[in-house]
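333 is the number that my numbering gives to position 291 of the sequence shown; each next residue is one higher, with no gaps.
Ideal placement from N, C-alpha and C gives every residue a C-beta, glycine not left out.
Have a look at the structure below, then the notes.
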Amino acid sequence: MHHLSEMTVDLSEERSNANITNERLDVETNERIKLTRELEEQQEKNRELQNFTEKLELDLIAANSNPNDIFDDEDMGKEENFTAFKLKYDRAVKELEFTKRRMQTQHEYDLDQLVALKKQLEKKLADAYEEVEEQRQVVGQWKRKSQKFSVEMNDLRLLLEEQNSRNTSLEKRQRKFDAECQTLQDSARQEKQARERLGQEKDTLIAEKFTLEQSLAELDLTQEKLSNLQRDMEELSYSEQTEEEITQLKRSKIESERKCKEQEDELDEMAGQIQLLEQAKLRLEMTLETMRKEARHEAQQRDDELEEVRGSFFKKIKALECQLENEHEERTLLLREKHELERRLQTMEQQDHSDRMAEEAANLKLKRDLRKYKALFKDAQIQIDRMKGDVPSKNLIRQLRNQLEDAEAARTLAIKSKQLAESELADVQSMLEDVTRARHESDEKAAHAAREVGELRTQLEENEEELSELIKKYSTTVKQLNSEQLKHSEYETTISELEAEKASLKEHINELNERLENVEVLNDSSTNIQTKRLVLRTKELESKLELEHATRSRLEVQCNRHKENLEKTQTELMHIRSKESLLQEELKKTKKTLRETKEELHASTNRDQDHINKRQEASKKLETTESELASVRNDLRLALQRIADLQQAMEDGDYDDDSSESDLNDLSDGSISPVESTYLQNKRIGSIDLSPSTNSNETKATK
């Protein structure tokens with residue numbers, strides 16, 4: 043019991059630990075969901091940054107495609123204006139050709155990417171359809187298996203009902219056996235009452251014995267009187283006697299001889315009757331012995347059959363319990379796999395839908411980009427045609443300056459968003475480290491729980507061994523009880539035989555008393571021999587009575603001892619039955635708790651596996667986002683480098699111009715503003731500072 047209480051305490055601690063681990067796993071799942079959402083937000087921000095950088099590139103290309111350094115002074119000379127416009131025109135033509143080539147290459151690259159994306163999506167869709175078909179086949183197989191298991195469960199239910207009916211029949215037999223035990227107890231009680239009656243009869247017999255002794259003393263007196271009478275007769279025979287007295291004596295002698303013959307005949311008849319009674323007694327003893335042997339054999343066979351039936355039913359019940367547990371576990375596994383397959387089907391359908399939506403969005407984006415590029419191309423052609431015909435006005439230059447300022451502001455915003463993305467990426471990495479640490483702790487706790495479950499299994503095996511030992515002791519006590527019952531029945535038969543002998547002896551004593559009375563009445567000398575015989579016979583009968591009393595007292599002591607043993611065995615049997623019932627209940631409770639712990643452990647392992655899969659997916663997404671960030675940074679660096687190169691080319695073109703100082707003075711008013719100068723300085727600083735930051739980000743991504 044102490045061991046079982048320790049087991050219950052350990053199981054409660056195990057449940058509390060399992061609940062704590064479940065709470066921690068729920069917290070981890072919530073954190074992982076949060077991380078996935080943040081990753082999706084980062085991906086959306088990266089896409090927005092890419093779109094923004096593309097827009098900036100297009101705006102810068104459109105801005106650089108226009109002439110930047112056109113002078114608005116109308117008082118300049120025509121020749122100088124012509125040379126300046128010619129230089130600007132040549133440079134614009136070169137930039138236009140460069141933009142045409144770049145747009146063509148970009149268009150080809152986008153088309154290649156679109157074709158590759160279409161092929162990839164088609165492949166993914168085909169794989170998804172194949173996987174869905176396989177999952178449907180698997181679901182069909184599991185449905186067939188579940189139907190098969192349901193049929194087997196129905197068969198097992200029928201078998202259990204049969205076993206229950208057999209158990210009820212065995213319980214009826216057990217009740218019958220208990221009733222027989224009750225009857226035996228009642229018979230023992232009756233035997234006790236009979237023993238008390240026999241004690242009373244013993245007292246009466248002792249009183250009768252005392253009376254017989256008194257009668258024997260009177261017989262001695264009569265013998266003395268007879269001897270005196272014989273002496274008197276001898277004296278009279280020598281004396282003068284009359285003939286009448288002689289005749290009277292002869293008559294009395296003849297009568298006494300006749301009575302002696304009659305008594306001898308009666309004694310012979312009594313001896314024949316005694317022999318017949320002894321033969322009948324022997325026959326009865328032999329029949330009783332055979333009946334006892336048959337009863338013992340039948341009781342032994344019945345006990346063996348009961349033991350075999352109990353053992354077989356116990357084994358069958360154990361096998362059915364194990365089978366039911368296995369089927370319950372298989373059913374739970376099937377249900378979990380079914381739910382997992384349904385979830386995977388839903389995720390695949392959602393993924394398919396999202397892939398289709400992404401494909402449609404990509405197609406729309408590509409179409410939009412194509413339209414945009416076509417519009418830009420048309421705009422560039424229109425501007426080139428306009429440049430050929432007209433001189434740009436100051437409004438166009440102001441528009442270009444405004445576009446440059448907008449581009450500068452957008453660049454600063456892009457740098458800030460990049461820094462924010464890097465800080466959020468570092469936070470995500472730290473959170474992932476915390477999640478891995480918590481997962482390791484949960485794995486250690488699961489291993490500890492598995493060890494505790496193993497210890498509980500060993501304790502259950504020890505309890506089962508103790509239960510088997512108790513069952514063996516119970517069978518031995520039942521056998522002892524049966525043997526005691528057989529001995530009790532034998533003692534009852536011997537007591538009945540002794541009672542019959544006692545009755546016969548009483549009858550014989552009564553006959554002897556009658557004969558003694560007859561002898562006393564006769565008072566003849568010829569009856570001396572018969573009286574001596576009767577005295578010897580009475581002594582033998584008294585010795586037999588004493589022996590019977592001794593045997594009876596010994597049998598009573600043995601009967602009392604056997605009754606005490608019977609009561610002890612019955613109390614032990616009841617105690618063992620109560621212990622067995624308690625152990626069976628505790629065994630059921632421990633099995634139930636073990637089953638619950640197994641299910642909780644399996645659920646925790648499934649959760650851990652789900653968390654591992656989610657973490658792997660999150661790490662993959664993080665890697666993809668890092669690679670996308672690296673590519674975006676590279677693209678941004680290239681775009682900034684291109685912008686700086688274009689700006690440098692524009693400045694070189696401005697400084698290579700051989701116009702007069704008056705033209706430069708005119709340009710100092712509005713051509714190069716302080717905003718443009720700060721913009722160029724920031725571009726240079728950004729191009730210088732970008733390389734170390736990108737290198738550091740690349741090292742982080744590789745880590």
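Check whether residue i and residue j have beta carbons under 7 Å apart
i    : j    : result
A593 : L330 : Correcting the residue type first, residue 593 is Thr in the shown sequence and not Ala. The answer is no: Cβ separation not under 7 Å.
N88  : E670 : yes
D397 : L163 : yes
Q177 : L383 : yes
A170 : D394 : yes
E598 : R237 : yes
Option nearest residue i by Cα separation, candidates the options
i    : options                : result
L156 : R657, L412, K521       : L412
H149 : E614, E641, K407, N676 : K407
E82  : N93, L664, D307        : L664
E90  : Q256, S595, L455       : L455
I654 : E504, T63, E70, E55    : E70
S538 : R144, K234, D307       : K234
C39  : S525, K165, R352       : Nothing can be reported for residue 39, as the shown portion of the chain is limited to 43 through 745.
N206 : Q626, K514, I359       : I359
L377 : Q189, K130, K136       : Q189
I62  : E588, K630, E483, E614 : E483
D448 : R79, F94, L77, E65     : F94
R334 : E532, K161, A230       : E532
E614 : T518, N552, D652, R679 : T518
A322 : S595, S546, E638, N59  : S546
R208 : E588, H644, S354, S595 : S354
S387 : L680, V180, T147       : Before going further, note that residue 387 is Leu rather than Ser in the sequence given. When only C-alpha atoms are compared, the closest one is V180.
Q92  : Q683, A341, D677       : D677
E659 : D345, E543, R79        : R79
D652 : Y131, N59, N72, E55    : N72
Whole-Å CB distance - residue i paired with residue j, under 8 Å assumed
i    : j    : result
V174 : M390 : 6 Å
L528 : R215 : L528 to R215, Cβ: 19 Å. No contact.
D657 : R74  : The question names Asp, but residue 657 is Arg in the sequence shown. Going by Cβ atoms, the distance from R657 to R74 rounds to 7 Å, so yes, they are a contact pair.
W184 : K380 : 6 Å
M195 : E369 : 7 Å
R649 : L67  : 5 Å
E641 : T374 : 7 Å
L240 : L362 : About 55 Å; that fails the 8 Å criterion.
R637 : E464 : Between E464 and R637 the Cβ distance is about 51 Å, and since that is not below 8 Å, they are no contact.
L198 : Q342 : With 8 Å as the limit, L198 and Q342 do not qualify as a contact, their Cβ atoms being about 35 Å apart.
V351 : L212 : 6 Å
Where residue i sits in the DSSP three-state scheme
i    : result
E55  : helix
I62  : helix
I727 : Below a pLDDT of 50, predicted positions are generally treated as unreliable, and I727, at 38, falls in that range; the measurement from the model is reported next regardless. Looking at I727 - three-state DSSP - the assignment turns out to be helix.
Any non-hydrogen atom of the ligand SAH closer than 6 Å to residue i Cβ
i    : result
R217 : The ligand SAH is not part of the structure shown, which contains no ligands of any sort.
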